[in-house]
Amino acid sequence: MGYTFDFGAVFDRAPELLWGSLGTIGLALAGMLLALLIGILGVAARTSKIPLVRAPVIGFVEVVRNTPFLVQIFFIYFALPLMGIRLNPTVTAIIALGINGGAYAIEIIRGGVESVSKGQIEAGFALGLHKGDVFRLIVLEPALRAIYPSLTSQFVMLTLTTSVCTSIAAYELTSAAQRIESDTFRSFEVYFTVTAIYLVISTLMMGMFALISRHHFNYPTR
Amino acid sequence: MGPIGENEFLFILQGLKWTVLLAIIGFVGGGLFGILIALARTSRNRTVRVATSGYIALFQGTPLLMQLFVVYYGVALLGIDVNAWIAVAIAFTLHASAFLGEIWRGSIEAVPKGQNEAANALGLHYVSRMKDVILPQALKISMPATIGFLVQLIKGTSLAAIVGFIELTRAGQIISNQTYRPLLVFGIVGLIYFIICWPLSHLGSGLEKRMAKAVR
Amino acid sequence: ATVEEIKAKGTLVVGIQGDNAPWGFVNTSGKQDGFDADIATLFAKELGVKVEFQPLAVANRIPALTTGKVDILFATMAMTEERAKSIQYSKPYAANTISLYAAKADAVKAPADVAGWEIGVPKSSSQDKAVTDAVGSTATIRRFDDDAATIQALISGQVRAVGGNQFYGQRLDAASAGTYESKIDFLKTYNGVGTRLGEKDWNEAANSFIDKIKASGELATITKKWMGIDLPTFPESIPNIPFTVK
Amino acid sequence: MLNSSNDQSTLISLEKLQKWYGSFHALKNISLSVRKGEKIVLCGPSGSGKSTLIRCINALETIQDGKIVVEGQLLDGSTKAVDTIRREVGMVFQSFNLFPHMTVLQNCTLAPMRVRGTGRADAERLARKYLERVRILDQAEKYPAQLSGGQQQRVAIARALCMEPKVMLFDEPTSALDPEMVKEVLDTMIGLARDGMTMICVTHEMGFARQVADRVIFMASGEIIEEAKPEIFFKSPQHERTKAFLGEILAHH
Amino acid sequence: MLNSSNDQSTLISLEKLQKWYGSFHALKNISLSVRKGEKIVLCGPSGSGKSTLIRCINALETIQDGKIVVEGQLLDGSTKAVDTIRREVGMVFQSFNLFPHMTVLQNCTLAPMRVRGTGRADAERLARKYLERVRILDQAEKYPAQLSGGQQQRVAIARALCMEPKVMLFDEPTSALDPEMVKEVLDTMIGLARDGMTMICVTHEMGFARQVADRVIFMASGEIIEEAKPEIFFKSPQHERTKAFLGEILAHH
Ligand SMILES: Nc1ncnc2c1ncn2[C@@H]1O[C@H](COP(=O)(O)OP(=O)(O)OP(=O)(O)O)[C@@H](O)[C@H]1O
Ligand SMILES: Nc1ncnc2c1ncn2[C@@H]1O[C@H](COP(=O)(O)OP(=O)(O)OP(=O)(O)O)[C@@H](O)[C@H]1O
Ligand SMILES: [Mg+2]
Ligand SMILES: [Mg+2]
Chain A
1 MGYTFDFGAV FDRAPELLWG SLGTIGLALA GMLLALLIGI LGVAARTSKI
51 PLVRAPVIGF VEVVRNTPFL VQIFFIYFAL PLMGIRLNPT VTAIIALGIN
101 GGAYAIEIIR GGVESVSKGQ IEAGFALGLH KGDVFRLIVL EPALRAIYPS
151 LTSQFVMLTL TTSVCTSIAA YELTSAAQRI ESDTFRSFEV YFTVTAIYLV
201 ISTLMMGMFA LISRHHFNYP TR
Chain B
1 MGPIGENEFL FILQGLKWTV LLAIIGFVGG GLFGILIALA RTSRNRTVRV
51 ATSGYIALFQ GTPLLMQLFV VYYGVALLGI DVNAWIAVAI AFTLHASAFL
101 GEIWRGSIEA VPKGQNEAAN ALGLHYVSRM KDVILPQALK ISMPATIGFL
151 VQLIKGTSLA AIVGFIELTR AGQIISNQTY RPLLVFGIVG LIYFIICWPL
201 SHLGSGLEKR MAKAVR
Chain C
1 ATVEEIKAKG TLVVGIQGDN APWGFVNTSG KQDGFDADIA TLFAKELGVK
51 VEFQPLAVAN RIPALTTGKV DILFATMAMT EERAKSIQYS KPYAANTISL
101 YAAKADAVKA PADVAGWEIG VPKSSSQDKA VTDAVGSTAT IRRFDDDAAT
151 IQALISGQVR AVGGNQFYGQ RLDAASAGTY ESKIDFLKTY NGVGTRLGEK
201 DWNEAANSFI DKIKASGELA TITKKWMGID LPTFPESIPN IPFTVK
Chain D
1 MLNSSNDQST LISLEKLQKW YGSFHALKNI SLSVRKGEKI VLCGPSGSGK
51 STLIRCINAL ETIQDGKIVV EGQLLDGSTK AVDTIRREVG MVFQSFNLFP
101 HMTVLQNCTL APMRVRGTGR ADAERLARKY LERVRILDQA EKYPAQLSGG
151 QQQRVAIARA LCMEPKVMLF DEPTSALDPE MVKEVLDTMI GLARDGMTMI
201 CVTHEMGFAR QVADRVIFMA SGEIIEEAKP EIFFKSPQHE RTKAFLGEIL
251 AHH
Chain E
1 MLNSSNDQST LISLEKLQKW YGSFHALKNI SLSVRKGEKI VLCGPSGSGK
51 STLIRCINAL ETIQDGKIVV EGQLLDGSTK AVDTIRREVG MVFQSFNLFP
101 HMTVLQNCTL APMRVRGTGR ADAERLARKY LERVRILDQA EKYPAQLSGG
151 QQQRVAIARA LCMEPKVMLF DEPTSALDPE MVKEVLDTMI GLARDGMTMI
201 CVTHEMGFAR QVADRVIFMA SGEIIEEAKP EIFFKSPQHE RTKAFLGEIL
251 AHH
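One line per chain: the protein sequences are A, B, C, D and E, in this order. Under my numbering, the residue at position 75 of the first sequence is numbered 75, and the numbers go up by one with no gaps. Under my numbering, the residue at position 193 of the second sequence is numbered 193, and the numbers go up by one with no gaps. Under my numbering, the residue at position 26 of the third sequence is numbered 26, and the numbers go up by one with no gaps. Under my numbering, the residue at position 38 of the fourth sequence is numbered 38, and the numbers go up by one with no gaps. Under my numbering, the residue at position 85 of the fifth sequence is numbered 85, and the numbers go up by one with no gaps.
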């Protein structure tokens with residue numbers, strides 16, 4: 001077939017791609033922070049002795065992990081306003097990413113928390129530390145270190161999931177791509193270019209995590 | 001514009017059929033290809049290893065949505081006249097093979113080294129060594145992670161909607177277009193996904209726990 | 001493939017919308033249906049071949065044609081100068097009015113009144129283009145996957161207005177009777193049959209077909225059936241959008 | 001005579017403790033009082049309830065019946081009582097339980113800063129003092145994984161001392177250590193005892209008991225079977241079970 | 001004299017082997033020839049290169065210099081040479097390395113069927129013969145995890161025998177076993193030796209060496225230090241290192 005490639009039309013829109021990329025990175029970072037927060041608070045609740053605190057977290061994790069992100073983000077964007085909570089696309093996207101990533105983070109971090117020995121926790125109590133301090137200062141850090149690799153790959157996946165946010169008109173790279181495509185009709189060139197940009201972004205994310213781990217989890221273990 | 005009646009519900013179930021079929025295609029295609037990827041990734045040949053790690057990085061480092069787009073439009077550019085089915089099948093196969101390949105590489109490496117040496121010492125060739133000795137053990141080790149990925153894949157088929165494929169999510173979109181009740185429709189769609197994925201998730205984590213115990 | 005080749009093959013692959021009732025949609029029994037489906041079926045009959053529908057997402061229509069995935073587009077393609085550079089249009093066979101819909105309570109007379117608003121449109125549609133051209137510089141345009149999402153966004157209050165076609169009024173009423181109305185008409189567009197650039201045989205077949213069904217009253221019947229309106233009058237020419245291959 | 005809990009100088013008094021794990025009766029009617037400066041060695045067969053007893057004193061376990069009073073504070077289950085008592089009581093575990101992600105110094109300053117609200121500079125001064133005390137100040141910047149078992153246990157002792165407790169509880173502090181390291185930890189404990197620290201120590205190091213204990217208490221099946229000064233305890237135990245137990249223990253030494 | 005590799009009945013001949021792991025020189029100029037039916041015991045301190053040496057014979061490790069010839073086949077790195085040699089050489093590992101997902105019988109029939117192309121019926125007949133030989137035929141349908149260590153090692157021996165090798169290599173076959181099980185494996189090996197199998201055996205079971213070895217070879221730091229008939233080796237070792245080593249080993253027995 002006599003198709004001639006023309007990336008020129010795509011590169012002419014480089015500024016849009018750049019802004020889109022920044023949108024994607026912003027959504028991803030904000031989503032990760034929220035996911036981490038949900039993960040940590042969720043684990044605190046998930047490991048609670050009170051069933052009434054535990055049960056909703058378990059339900060939350062099961063529902064979120066077993067339904068597609070697309071369905072979740074639709075729900076937040078279109079359903080919550082009917083209950084009086086109206087969030088703009090960016091905030092919706094961040095919350096949806098945070099909830100989705102958070103559900104996975106809860107399960108991952110829980111694994112880490114359970115790997116911290118009971119003796120450590122008792123030592124904390126014996127020193128007179130309170131429950132919150134014990135969780136925060138004694139359990140969490142070794143737990144995070146233990147599960148850092150799985151958390152990293154989950155967060156890289158979260159970065160890639162931002163592409164789905166285009167369906168609620170959030171501003172990110174895929175939206176930019178679709179705009180450019182509908183103007184230029186250069187579908188293959190647009191998506192090819194954007195795929196390459198995603199690859200760069202996810203590689204950068206992994207690099208960032210490697211750096212954080214080198215600075216933050218640099219204590220020796222046996 | 002109408003209520004959601006039997007017809008609409010059946011239409012959504014039609015979509016479910018495609019969702020399941022897509023997941024199966026992705027899983028079978030990705031599985032077959034994934035074994036090759038896993039083998040190449042554990043090969044003694046450095047070039048092969050580097051090339052496959054690039055392949056894995058590419059497909060794990062880009063959104064499935066983009067993979068669908070690029071394959072969908074790219075295959076047509078190659079002058080191959082294909083319907084959406086083939087494009088989507090290719091995209092899911094590539095995507096799944098990267099993930100399954102990486103999962104299985106891990107489990108191949110988790111098989112004790114002595115097994116490989118014993119097979120070597122018996123004079124077994126590569127194919128027999130892998131097929132008879134290493135892979136059966138590796139696949140058992142990988143079961144929880146493999147099932148976990150299957151759940152991801154089933155959910156991932158929802159993205160086929162974006163290239164116009166009428167699977168579960170798309171069917172939901174169409175019905176919501178006709179009935180103007182997106183919340184109800186997506187509630188039902190979400191529930192259907194949950195009903196398929198939840199038992200699988202539990203099977204996976206159950207296996208994981210059992211294996212953790214066996215190791216202790 | 002040429003028209004002759006298709007006649008020989010016996011099947012015509014038509015690109016059509018799959019989720020845009022009443023233009024083109026897959027009905028609940030899984031069959032392609034709608035205004036465009038009826039017209040395309042007639043066209044296939046005219047050629048003496050079977051019709052096979054390929055439902056396309058809005059953004060995929062042109063690529064599907066140019067890459068040969070479909071032979072011809074009866075896909076609710078509003079005729080624009082931009083698009084005319086990529087595909088060949090026939091004479092118009094349907095008309096479409098694009099307007100701004102908002103709550104009755106909101107006083108809007110002119111484009112300037114919506115400055116600062118969030119306005120929803122379906123991605124890559126003619127509404128998208130019309131609204132972006134008219135108010136894109138002063139209002140925030142939110143682009144959704146399809147009409148359903150766009151309308152839902154207005155009902156959920158996620159946007160204050162939407163750019164819609166003549167059917168939106170009816171649909172908004174169905175969702176929330178008496179709340180919304182059409183405020184400003186941005187433009188009237190016409191839909192043409194899309195064929196590949198330079199392929200004279202297809203273009204001529206389409207044009208003579210349209211002339212024939214106009215004359216026979218079949219077009220009017222189908223328009224009435226799906227749109228509930230009489231056949232609009234179509235212009236003889238539109239600047240920069242040729243109806244025939246030169 | 002020893003259970004006169006109203007004695008002026010009584011630091012810890014336990015009255016008729018009852019502790020069940022489910023249907024298992026782990027502590028049966030335990031009464032004990034410990035005076036300021038007293039050193040008590042607790043011994044007995046495995047499963048006799050020694051760990052359970054000292055963990056109760058520190059509120060790491062809850063009791064079902066009886067009274068625990070430390071420095072006049074009744075352990076009534078309120079958070080305040082637990083807090084007060086834990087501040088007065090330091091504990092050293094068999095498995096050290098140092099925090100792996102903190103340096104030796106951070107391990108020692110954590111509780112003073114968080115619990116007492118001591119400023120960092122003061123907390124570090126205090127930590128250095130006690131690290132010096134257990135002769136391990138030179139390792140202050142290392143992480144636990146970089147230390148030997150004996151060194152880790154000495155850090156654990158310093159960490160507990162930094163809360164300046166009135167009493168120290170030790171639960172088999174040397175039994176996870178290689179023989180060469182046992183001595184360095186025992187020496188540290190002997191030093192503490194010499195300085196007048198009140199101590200309750202679960203241990204089977206009979207040399208240590210002879211050298212520092214004011215009383216040796218023998219437990220079996222959740223009960224206190226016998227208590228006596230070490231010279232008497234080792235020479236002329238009263239009960240059959242004590243004799244059997246001592247026979248076994250001393251055979252290994 | 002012993003390295004006369006052109007001897008008619010020479011089965012294995014190693015000439016000036018050099019093996020490095022990175023910059024570490026693991027085998028230094030090793031020459032050795034083994035005649036048909038000969039039984040050789042290899043001993044020496046940990047890290048002296050014993051495992052490395054026998055793994056080289058079986059092409060599980062590659063050498064950097066020197067020559068390995070087995071049954072006239074030069075190990076030149078070609079796949080064909082490796083295949084031929086591995087068919088002639090059976091190997092038994094310290095950790096058994098049975099395939100856990102196959103029954104005992106399947107473990108034994110796999111290689112004959114896959115490598116020699118033997119039919120299932122013949123392969124099973126062969127397997128039963130050798131399982132009988134190591135007196136474990138009654139366990140044929142069990143999985144390895146259901147067997148004791150000694151039984152597993154005997155299955156490993158049978159599995160290797162099923163390929164009807166000309167020579168068997170053993171790498172500390174009894175050192176992962178509980179004392180009671182060592183004897184049953186040693187007895188099996190003694191039986192094999194009596195039947196005339198050529199064997200190279202890394203072991204510190206000196207009783208075994210005395211009973212069956214034609215030669216004992218002592219290695220240290222990657223070199224062959226001394227080789228001799230067992231009666232001579234144990235009674236009057238020549239080198240200081242051999243003496244020291246024997247002193248240590250025999251002290252434990
Ligand atoms: N969490 C628990 N649940 C049930 N039973 C327990 C629990 N902790 C301890 N026990 C039981 O209580 C009894 C006393 O245990 P404890 O640890 O106090 O014994 P010990 O004297 O310290 O023994 P050792 O010398 O082995 O440390 C034991 O029989 C033990 O099995
Ligand atoms: N894969 C390897 N990489 C680097 N060095 C190795 C490797 N395998 C073995 N070595 C080194 O080669 C030396 C010889 O090892 P080898 O296993 O042959 O010793 P050995 O005599 O069998 O000792 P042991 O009695 O402990 O089994 C050792 O110093 C070992 O550390
Ligand atoms: Mg204890
Ligand atoms: Mg060895």
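The beta carbon of each residue, even a glycine, is placed where N, CA and C say it ideally should be.
* Does the beta carbon of methionine 1 of chain A come closer than 8 Å to any beta carbon on chain B? -> If you number the first sequence from 1, residue 1 of chain A lands on position 1. Here methionine 1 of chain A scores only 45 on pLDDT, less than 50, and its place in the model should not be relied on; the value that follows carries that caveat. For methionine 1 of chain A, the answer is yes, since a Cβ of chain B falls inside 8 Å of its Cβ.
* State yes or no: is the beta carbon of alanine 196 of chain A nearer than 8 Å to at least one beta carbon in chain C? => For this step, residue 196 of chain A is matched to residue 196 along the first sequence. The C-beta of alanine 196 of chain A comes no closer than 8 Å to any C-beta of chain C.
* With which residues is threonine 80 of chain C paired in a DSSP beta bridge? -> Counting from 1 along the third sequence, the entry for residue 80 of chain C is found at position 80. DSSP output for threonine 80 of chain C lists no bridge partner at all.
* Asked: Going by C-alpha distance, which of D/Thr109, D/Val202, D/Gly22 and D/Lys142 is nearest serine 48 of chain D?
  -> Taking the first residue of the fourth sequence as position 1, residue 48 of chain D is located at position 48. Here the closest residue by C-alpha is D/Val202.
* Mind pulling the alpha helix (DSSP H) runs of 4 or more residues that sit fully within the segment 123-173 of chain B? -> Listed in chain order, they are 135-156.
* Asked: Less than 7 Å between the CB of serine 46 of chain E and some heavy atom of ligand 2, yes or no?
  -> To locate residue 46 of chain E, count along the fifth sequence from 1; it is residue 46. It does: the Cβ of serine 46 of chain E is within 7 Å (strictly closer) of some heavy atom of ligand 2.
* aspartate 19 of chain C burial status per 10 Å Cβ neighbour count (16 or more: buried) -> Counted from its first residue, the third sequence places residue 19 of chain C at position 19. Counting Cβ neighbours within 10 Å, aspartate 19 of chain C comes out buried, since at least 16 surround it.
* **Environment of glutamine 152 of chain C [buried if 16+ CB atoms lie within 10 Å]** => For this step, residue 152 of chain C is matched to residue 152 along the third sequence. It counts as buried.
* If you measure beta-carbon to beta-carbon, which residues of the segment 43-74 of chain B are closer than 8 Å to chain A? -> Under the 8 Å Cβ criterion, the segment 43-74 of chain B contributes Ala57, Leu58, Gln60, Gly61, Thr62, Pro63, Leu64, Leu65, Met66, Gln67, Phe69, Val70, Tyr73 and Gly74.
* leucine 187 of chain C by DSSP, collapsed to three states: which one? -> Indexing the third sequence from 1 puts residue 187 of chain C at position 187. DSSP places leucine 187 of chain C in strand when its eight states are reduced to three.
* Whose C-beta lies closer than 8 Å to the C-beta of leucine 160 of chain A among residues of the same chain, with five residues either side of it excluded? -> The residue given as residue 160 of chain A occupies position 160 in the first sequence. Correct list, in chain order: Tyr198 and Ser202.
* Since leucine 207 of chain B meets chain E, which of its residues come closer than 9 Å, beta carbon to beta carbon? -> Position 207 of the second sequence holds residue 207 of chain B. Those do not exist, as leucine 207 of chain B stays about 16 Å from chain E at its closest Cβ, beyond 9 Å.
* For glutamine 170 of chain C, count neighbouring C-beta atoms within 10 Å of its own C-beta (all shown protein chains included) and say buried if the count is 16 or more, exposed if not. => Position 170 of the third sequence, counted from the start, is the residue given in the question as residue 170 of chain C. The residue in question, glutamine 170 of chain C, is exposed, as its Cβ has fewer than 16 Cβ neighbours within 10 Å.
* Using a beta-carbon distance cut-off of less than 7 Å, what residues from the segment 130-142 of chain D approach chain A? -> Taken residue by residue, none of the segment 130-142 of chain D has a beta-carbon sitting less than 7 Å from a beta-carbon on chain A.
* Using the beta-carbon count (16 or more within 10 Å), is isoleucine 195 of chain B buried or exposed? -> Here residue 195 of chain B refers to the residue found at position 195 of the second sequence. Exposed is the call here.
* Asked: Listed in chain order, which residues are found with a beta carbon closer than 7 Å to a heavy atom of ligand 4?
  -> Contact residues of ligand 4 (beta-carbon closer than 7 Å to any heavy atom; chain order) are E/Lys50, E/Ser51, E/Asp171, E/Glu172 and E/Val202.
* Helix, strand or coil for isoleucine 195 of chain B per DSSP? -> Here residue 195 of chain B refers to the residue found at position 195 of the second sequence. Residue state, collapsed to three classes: helix.
* Per DSSP, cysteine 201 of chain E forms a beta bridge with which residues? -> Taking the fifth sequence and counting its residues from 1, one reaches residue 201 of chain E at position 201. Beta-bridge partners assigned by DSSP to cysteine 201 of chain E: E/Val41 and E/Phe170.
* Hey, how far is the Cα of arginine 143 of chain C from the Cα of glutamine 158 of chain C? -> In the third sequence, residue 143 of chain C corresponds to position 143, counting from 1. In the third sequence, residue 158 of chain C corresponds to position 158, counting from 1. Rounded to the nearest angstrom, the two C-alpha atoms are 12 Å apart.
* **Any chain A beta carbon closer than 8 Å to glutamine 127 of chain C** => The residue given as residue 127 of chain C occupies position 127 in the third sequence. It does not: the Cβ of glutamine 127 of chain C has no partner Cβ on chain A nearer than 8 Å.
* Whose Cβ in chain B lies nearer than 7 Å to the Cβ of serine 95 of chain E? -> By one-based count along the fifth sequence, residue 95 of chain E stands at place 95. The contacting residues are Gly114.
* **Where phenylalanine 144 of chain C meets chain A, residues with beta-carbon distance less than 9 Å** => Residue numbering aside, residue 144 of chain C sits at position 144 when the third sequence is read from its first letter. What phenylalanine 144 of chain C touches in chain A: Ser167, Ile168 and Ala169.
* Classify asparagine 97 of chain D as helix, strand or coil using the three-state DSSP reduction. => For the purposes of this step, residue 97 of chain D is identified with residue 97 of the fourth sequence, where counting begins at 1. Collapsing the DSSP output to three states places asparagine 97 of chain D in coil.
* To do: Give a yes or no on whether 8 Å exceeds the smallest Cβ distance from serine 240 of chain B to chain A.
  => For chain B, the structure presents residues 1 to 216; residue 240 of chain B sits outside this window and is missing.
* Closer than 7 Å: phenylalanine 96 of chain E CB and nearest ligand 2 heavy atom -> Here residue 96 of chain E corresponds to residue number 96 of the fifth sequence, with the count starting at 1. Phenylalanine 96 of chain E Cβ: outside cutoff for every heavy atom of ligand 2.
* Close beta carbons around proline 22 of chain C, own chain, < 8 Å, minus the five adjacent residues each side -> If you number the third sequence from 1, residue 22 of chain C lands on position 22. Apart from sequence neighbours up to five positions away, the residues of its chain that approach proline 22 of chain C with a beta-carbon distance below 8 Å are Gly34, Phe35, Phe167, Trp226 and Met227, ordered along the chain.
* Asked: What does a CB cutoff of less than 6 Å around valine 162 of chain C pick up in its chain, not counting 5 residues either side in sequence?
  -> As a working mapping, residue 162 of chain C is identified with position 162 in the third sequence. Cβ within range, chain order: Tyr101, Gly120, Thr150 and Leu154.
* To do: Decide if alanine 84 of chain B is buried, meaning its Cβ has at least 16 other Cβ atoms within 10 Å, or exposed.
  => Along the second sequence, one-based indexing puts residue 84 of chain B at 84. Note on alanine 84 of chain B: 16 or more other CB atoms within 10 angstroms of its CB, so buried under the neighbour-count rule.
* Asked: Alpha carbon to alpha carbon, what distance is there between alanine 174 of chain C and methionine 1 of chain B?
  -> Within the second sequence, numbered from 1, the residue matching residue 1 of chain B stands at position 1. Within the third sequence, numbered from 1, the residue matching residue 174 of chain C stands at position 174. Interpretation of methionine 1 of chain B is limited by its pLDDT of 45, a score under 50 that renders its predicted location unreliable; the figure taken from the coordinates is listed afterwards. Using only the alpha carbons, I get a separation of about 6 Å.
* Asked: Buried or exposed: where does isoleucine 40 of chain A fall if 16 or more other Cβ atoms within 10 Å of its Cβ makes it buried?
  -> Your numbering for residue 40 of chain A matches position 40 in the first sequence. It counts as buried.
* Hey, is tyrosine 21 of chain D close to ligand 1, as in C-beta under 7 Å from one of its heavy atoms? -> Walking along the fourth sequence from the start, residue 21 of chain D turns up at place 21. True, at least one ligand heavy atom lies under 7 Å from that Cβ.
* Span separating the alpha-carbon of threonine 42 of chain B from that of leucine 36 of chain B -> As a first step, residue 42 of chain B is located in the second sequence; it is residue number 42 there, counting from the start. As a first step, residue 36 of chain B is located in the second sequence; it is residue number 36 there, counting from the start. Looking at the backbone, the Cα of threonine 42 of chain B and that of leucine 36 of chain B are separated by about 10 Å.
* Where do the ends of the alpha helix (DSSP H) carrying glycine 150 of chain E lie? -> If you number the fifth sequence from 1, residue 150 of chain E lands on position 150. Start and end: 149-161.
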